[in-house]
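Counting in the numbering used here, the sequence shown runs from 588 upward without gaps. Working notes, structure below.
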Amino acid sequence: MKVFIVNDAKNTDFATEKRCAATPITVKKLIRLGLEVTVESNAGAGSSITDDEFKEAGASVTTRAKGIKEADIVLYVNRPSDADLKNLKEKAIVIGHCDPFFAQPLIEKLSEQKVTTLSIEMIPRSTRAQKMDALSSQANLAGYVMVMQAANSLPNILPMMMTPSGTIKPAKVFVIGAGVAGLQAIATAKRLGASVLAYDTRAVVAEQVESLGGKFLKIDLGETGQTKDGYAKELTDEQKQKQLDAQKSAIADSDIVITTAQLFGRKPPQLINKETLAMMKPGTVVVDMAAQSGGNVEGSVAGETVTVDGVKVIGLGNWSQYVAKNATEMYANNICNLLEEFVNKETGDFEVDFDDEILAQSIITHGGDICNQMLRNHYKGD
Ligand code: NAD
């Protein structure tokens with residue numbers, strides 16, 4: 588089978604993308620699997636990988652249109668552009684972050700063209716799928732980036748310093764949402780010497796927060812629960828209000844607040860409103876990881892820093908550009924692990940097997956159907 592790796596930045600919707608779905612190391616592994624690998628010119632440039640390095644690894648380099656026309660499997664960091672659609676072969680396999688809940692028109696077009704679409708976001712969070720879990724590999728790096736951005740914007744240092752000139756107290760960091768990104772933000776802030784408090788509606792994470800040296804803020808919201816896949820459930824209006832009220836004093840007391848709360852397949856919850864922002868001290872910093880998908884913080888703008896009542900609100904945008912090399916390495920490994928799992932070693936074919944739990948959940952279009960029940964319901968508005 589022929590695999591083509593696109594240069595995502597050539598799609599105007601993702602012009603600032605620096606990641607790539609392959610590295611020379613994963614190209615060699617894919618070739619060992621029996622795949623023929625072609626890379627779009629400059630696909631690795633944002634991650635400091637040259638076309639020559641890809642060639643030395645055994646790939647050929649070509650234009651996007653030619654590569655897509657010939658490919659059986661097309662690898663994206665993000666997803667196809669409209670221009671790519673007309674070049675995709677019927678029955679081609681597209682793999683990438685397809686944003687299935689919010690990119691309905693694209694998913695429907697892929698389905699109409701009988702393309703098999705494997706959406707990275709839909710890979711289950713199971714032990715077996717861990718090595719392919721790009722949501723986690725990328726969220727982990729985003730957690731680190733958020734702390735670095737906040738630290739660079741704060742007029743304080745993070746660690747305690749006792750000097751003959753005086754003692755500097757450690758900065759106070761409050762992390763709301765302790766999933767993969769939040770836990771890495773906690774660990775990074777602790778490494779830099781900050782005093783860290785965290786909160787999550789899933790009480791089970793309290794132990795993980797404490798094992799990283801953070802303190803867990805206890806808020807009694809009653810039953811909050813989690814889905815069978817371990818995702819947070821949406822709170823009732825009463826619980827939402829209770830959380831907003833109970834967090835206020837911790838937020839007002841913090842130098843940095845980092846929000847990472849997400850709800851699978853839905854808009855993220857608003858956790859900080861303008862009234863709470865007004866309670867924070869001037870010069871403090873808020874980083875909103877959910878800015879791109881609707882925001883945890885009222886008024887945040889993805890990719891921008893806005894100042895509200897003297898508080899800098901950083902809306903996380905293209906965070907991966909600051910750690911593009913590592914983000915590419917991790918994502919390329921996830922994709923390579925996925926292909927190693929599902930390409931038949933004897934025939935060299937990618938086997939679409941809906942009895943496999945990982946493929947059953949992550950393949951969202953196949954043979955002209957939208958084949959994920961959750962997505963079909965979502966598109967119908969259920
Ligand atoms: P996520 O990105 O979906 O959300 C981030 C965090 O926000 C979650 O911890 C969630 O509970 C929290 N949250 C939601 N609403 C909130 C609110 N109102 N206030 C505060 N916090 C709120 O989370 P994620 O990092 O993708 O992790 C989701 C789940 O998947 C977790 O249970 C995680 O342990 C699990 N997971 C499992 C595996 C695996 O088994 N291989 C891998 C990664 C993650």
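For glycine and all other residues, C-beta sits at the position ideal for the given N, C-alpha and C. Only a predicted model underlies this, so the values are computations on that prediction, with no experimental measurement involved.
Note down the Cα distance separating residue i from residue j, rounded to an integer number of angstroms.
i: Val767; j: Asp896; result: 30 Å
i: Ala877; j: Ile950; result: 25 Å
i: Thr846; j: Phe761; result: 8 Å
i: Gly621; j: Pro687; result: 30 Å
i: Leu697; j: Asn959; result: 14 Å
i: Leu822; j: Asn964; result: 21 Å
i: Leu804; j: Gln717; result: 29 Å
i: Lys827; j: Asp659; result: 47 Å
i: Asp671; j: Asp600; result: 13 Å
i: Asp639; j: Thr613; result: 15 Å
i: Asp731; j: Ala819; result: Here the sequence assigns Tyr to residue 731, which means Asp is not the residue at that position. If I take the Cα positions, the gap works out to 22 Å.
i: Leu617; j: Phe851; result: 31 Å
i: Lys586; j: Pro746; result: Past the boundaries of the shown model lies residue 586; the chain is included only from 588 to 969, so the question cannot be answered.
i: Asn598; j: Ala947; result: 29 Å
i: Asn674; j: Thr871; result: 49 Å
i: Gly631; j: Pro611; result: 9 Å
i: Thr754; j: Ile744; result: 12 Å
i: Gly886; j: Val844; result: 15 Å
i: Glu695; j: Glu794; result: 42 Å
i: Thr811; j: Gly954; result: 39 Å
i: Asp969; j: Ser740; result: 42 Å
i: Lys854; j: Ser782; result: 30 Å
i: Asp720; j: Leu925; result: 9 Å
i: Lys802; j: Tyr966; result: 40 Å
i: Lys835; j: Asp956; result: 47 Å
i: Ile682; j: Leu858; result: 33 Å
i: Ala729; j: Asn629; result: 24 Å
i: Phe591; j: Lys701; result: 18 Å
i: Asp778; j: Leu799; result: Contrary to the premise, residue 778 reads as Arg rather than Asp in this sequence. Roughly 10 Å separates the two Cα atoms.
i: Glu797; j: Asp816; result: 23 Å
i: Pro742; j: Glu825; result: 37 Å
i: Gln736; j: Met588; result: 42 Å
i: Gln813; j: Ala848; result: 13 Å
i: Ser647; j: Val624; result: 7 Å
i: Ile945; j: Glu862; result: 43 Å
Based on the DSSP output, what are the partners of residue i in its beta bridges?
i: His953; result: Asp956
i: Ser907; result: DSSP output for Ser907 lists no bridge partner at all.
i: Asp842; result: Its beta-bridge partners do not exist; DSSP assigns none.
i: Leu804; result: For Leu804, which the question treats as bridged, DSSP gives no partner whatsoever.
i: Asp875; result: Thr846 and Gly902
i: Thr625; result: Phe591 and Ser647
i: Arg660; result: One detail in the question is off: residue 660 reads as Ile in this sequence, not Arg. Answer by DSSP bridge pairing, in chain order: Val590 and Ile680.
i: Val884; result: Ile859
i: Val702; result: Beta-bridge pairing links Val702 to no other residue.
i: Tyr786; result: Ile763
i: Ile773; result: Looking at the DSSP assignment, Ile773 forms no beta bridge with any residue, so it has no partner.
i: Met749; result: Thr754
i: Ala919; result: Note: Ala919 sits in no beta bridge, so no partner.
i: Val930; result: Phe937
i: Thr894; result: Lys899
i: Gln813; result: Ala819
Does the Cβ of residue i have 16 or more other Cβ atoms within 10 Å, making it buried, or fewer, making it exposed?
i: Gln830; result: buried
i: Met749; result: exposed
i: Asn727; result: buried
i: Asn883; result: buried
i: Val791; result: exposed
i: Val627; result: Reading the sequence as shown, one finds Glu at residue 627 and not Val. Burial call: buried.
i: Asp936; result: exposed
i: Lys932; result: exposed
i: Ala772; result: buried
i: Thr952; result: buried
i: Ser907; result: buried
i: Gly633; result: buried
i: Arg651; result: buried
i: Asp832; result: exposed
i: Asp669; result: exposed
i: Asp807; result: exposed
- Query: Within the chosen definition, does the stretch 657-665 reach the stretch 938-954 through at least 3 CB pairs nearer than 8 Å?
  - Reply: no
- Message: Whether or not the stretch 777-789 and the stretch 756-767 are in contact is what I'm after, with contact meaning three or more pairs of Cβ atoms, one per stretch, closer than 8 Å; do they touch?
- Response: yes
- Query: Is the stretch 857-868 touching the stretch 825-842, taking contact as three or more C-beta pairs under 8 Å?
  - Reply: yes
- Would you be able to state if there are at least three C-beta pairs under 8 Å between the stretch 731-750 and the stretch 694-713? Cβ pair count under 8 Å is below three, so no.
- Taking 8 Å as the threshold, find out whether the stretch 915-928 comes into contact with the stretch 605-614 through three or more Cβ pairs. yes
- Item | Touching by the beta-carbon criterion (3+ pairs, under 8 Å), the stretch 590-606 and the stretch 901-914 | yes
- Message: Any contact between the stretch 676-687 and the stretch 698-706? By contact I mean 3 or more CB pairs, one from each, below 8 Å.
- Response: yes
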